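Enquirer:
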Amino acid sequence: MRVVAGVPALFAGLLVSWLLARPDGPDTVAIPATLALGVCVVVLGLGLLPTVDAEPSSRLIGALAGVWVVATLISAWVRTADRSGTDVLEVSAGDFGEVLNSGTSEMVALVAGLLIVVWAVLDLLTAVEIPVLVVGVLAAVGVLATAIAGHAGNDAFGPFLVGAHALAAAWWCGLLVAMVIAVRGRSGWARSLPVFSQRAPWAVGVIAVTGVVAALTEIDGLSALFTTGYGRILLAKVVILAALVGVALWHRRRWVPAAERHRLTEAASIRNAVVELVLMAVVLGLAAGLSATAP
Numbered sequence: 001m002r003v004v005a006g007v008p009a010l011f012a013g014l015l016v017s018w019l020l021a022r023p024d025g026p027d028t029v030a031i032p033a034t035l036a037l038g039v040c041v042v043v044l045g046l047g048l049l050p051t052v053d054a055e056p057s058s059r060l061i062g063a064l065a066g067v068w069v070v071a072t073l074i075s076a077w078v079r080t081a082d083r084s085g086t087d088v089l090e091v092s093a094g095d096f097g098e099v100l101n102s103g104t105s106e107m108v109a110l111v112a113g114l115l116i117v118v119w120a121v122l123d124l125l126t127a128v129e130i131p132v133l134v135v136g137v138l139a140a141v142g143v144l145a146t147a148i149a150g151h152a153g154n155d156a157f158g159p160f161l162v163g164a165h166a167l168a169a170a171w172w173c174g175l176l177v178a179m180v181i182a183v184r185g186r187s188g189w190a191r192s193l194p195v196f197s198q199r200a201p202w203a204v205g206v207i208a209v210t211g212v213v214a215a216l217t218e219i220d221g222l223s224a225l226f227t228t229g230y231g232r233i234l235l236a237k238v239v240i241l242a243a244l245v246g247v248a249l250w251h252r253r254r255w256v257p258a259a260e261r262h263r264l265t266e267a268a269s270i271r272n273a274v275v276e277l278v279l280m281a282v283v284l285g286l287a288a289g290l291s292a293t294a295p
């Protein structure tokens, strides 16, 4: 239920993107693509939980990977309808297979999601032991493939900038979601949160630097932030991200020391995390809308 609670905020960000950019975007494919991105980010966080001294549920990883696979297939199906100019219900299997094969990012995400499902099955039903960090690596590949397929990945340096930006954001958001799901008790948060907090500034720094540079390569002057749909979505993303960083800094000063000293209950730590996660989900929704809108 804690994972599902973030879905409305995720799609709220996408809705804001549509309101800011209409009638130029985002495209219809952004709806399933947003769900796929959100689930992929959570799976990445679950796979990285051992890095903050916590353990994920293999069943949950398998279930979310299954949702990721389905959302990716739906995204490819909708993209097929857009390219062929037909109704979604009238897409032929041949056209769908052609688009899926030609859509490198969706194919990579699909394969990564299926491999994670296989990992979960092996972990639950056999004696085969494969480190859960493999799940984090596969999910990171999916995030990277999706990110560099957007408009900002079309120039020489775009893939590096956008890839680093997406991976840093996915680490920050995904791992915090995973902690809300898996970390239990005062002692659990006292162990995991300080480790997460020590590494978070690096992620925030990468997000800020790569985001600014990538934005400058995409927009045609500062006036485009107000005169184009892409620019308005980008500006909204910057504003919400700035608010998120402000909340994170406040939590770093107040929440982290209190949790480390066992002065906060599990419920209080989860409430603090949810505040950040709601803002993160909105930013992810805006990012998904941005990638589906022409500059």
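Residue numbers (UniProt numbering): 1 to 295. Virtual Cβ for every residue (Gly too), placed ideally from N, Cα, C. Remember, it's a predicted structure, so these values are computed and weren't measured experimentally.
V128: buried (16+ other C-beta within 10 angstroms of its C-beta) or exposed?
Expert: exposed
Enquirer: Between G153 and the rest of its own chain, which residues show a CB-CB distance below 6 Å, the 5 nearest in sequence each way excluded?
Expert: At G153, the pLDDT of 46 sits below 50, so the modelled position is not reliable and the matter cannot be decided from this model.
Enquirer: Anyone know if the C-beta pair for A71 and V39 falls short of 8 Å?
Expert: yes
Enquirer: Terminal residues of the continuous alpha helix (DSSP H) containing L49?
Expert: Segment: none, L49 is in no alpha helix (DSSP H) and carries neither H nor E.
Enquirer: My output table needs one value for L35: the three-state DSSP class, helix, strand or coil.
Expert: helix
Enquirer: Scan the UniProt domain "Copper resistance protein D" (191-290) and note each continuous alpha helix (DSSP H) run of 4 residues or more that stays entirely inside, going in chain order.
Expert: 224-227, 229-260
Enquirer: Do the stretch 286-293 and the stretch 182-196 meet, that is, are 3 or more Cβ pairs less than 8 Å apart?
Expert: By the C-beta criterion, the stretch 286-293 is judged not to be in contact with the stretch 182-196, since fewer than 3 inter-stretch pairs fall below 8 Å.
Enquirer: Classify V91 as helix, strand or coil using the three-state DSSP reduction.
Expert: coil
Enquirer: Keeping to the same chain, check which residues put their C-beta closer than 8 Å to that of A200; ignore five residues upstream and five downstream.
Expert: These residues qualify, in order along the chain: W172, A248, R252.
Enquirer: If distances are taken between C-alpha atoms only, which option among V43, V42, V16 comes closest to residue 356?
Expert: No answer is possible for residue 356: it lies beyond the span of the chain, which begins at 1 and ends at 295.
Enquirer: Quick check on I116: does DSSP put it in helix, strand or coil?
Expert: Assignment of I116 by DSSP, reduced to helix, strand and coil, places it in the helix class.
Enquirer: Where do the ends of the alpha helix (DSSP H) carrying A21 lie?
Expert: 7-21
Enquirer: Please classify residue 305: does DSSP put it in a helix, a strand, or coil?
Expert: Absent from the model: residue 305. The displayed extent of the chain is 1 to 295, so no value can be given.
Enquirer: For L48 and E276, what's the separation of their Cα atoms in angstroms?
Expert: 19 Å
Enquirer: Work out the CA separation of A190 and I61 for me, nearest whole Å.
Expert: 24 Å
Enquirer: Determine the contact status of L138 and A112, defining contact as a CB-CB distance below 8 Å.
Expert: yes
Enquirer: Exposed or buried, H165, counting other C-beta atoms within 10 Å across all chains shown (16 or more means buried)?
Expert: buried
Enquirer: Does the ligand SAH have a heavy atom nearer than 7 Å to the CB of L122?
Expert: In the structure on display, the ligand SAH does not appear, and there are no ligands present to speak of.
Enquirer: Taking V204 as the reference, which of V117, L235, V245, A236 has the closest Cα?
Expert: For the set V117, L235, V245, A236, the Cα lying nearest the Cα of V204 is the one of V245.
Enquirer: Report the CB separation of M234 from A259 in whole angstroms; it is logged as a contact under 8 Å.
Expert: Here residue 234 is Leu; the residue named in the question, Met, does not match the sequence. Contact between L234 and A259 does not hold, since the beta-carbon distance rounds to 34 Å and is not under 8 Å.
Enquirer: Figure out for me which residue from D123, A170, A147 has the closest Cα to the Cα of L44.
Expert: A170
Enquirer: Does the separation of the CB atoms of L176 and A36 fall below 8 Å?
Expert: no
Enquirer: So what's T130 in DSSP terms, helix, strand or just coil?
Expert: It should be noted that the sequence gives Ile, not Thr, for residue 130. Looking at I130 - three-state DSSP - the assignment turns out to be coil, as it is neither helix nor strand.
Enquirer: V141 and V108 - do their beta-carbons sit closer together than 8 Å?
Expert: yes
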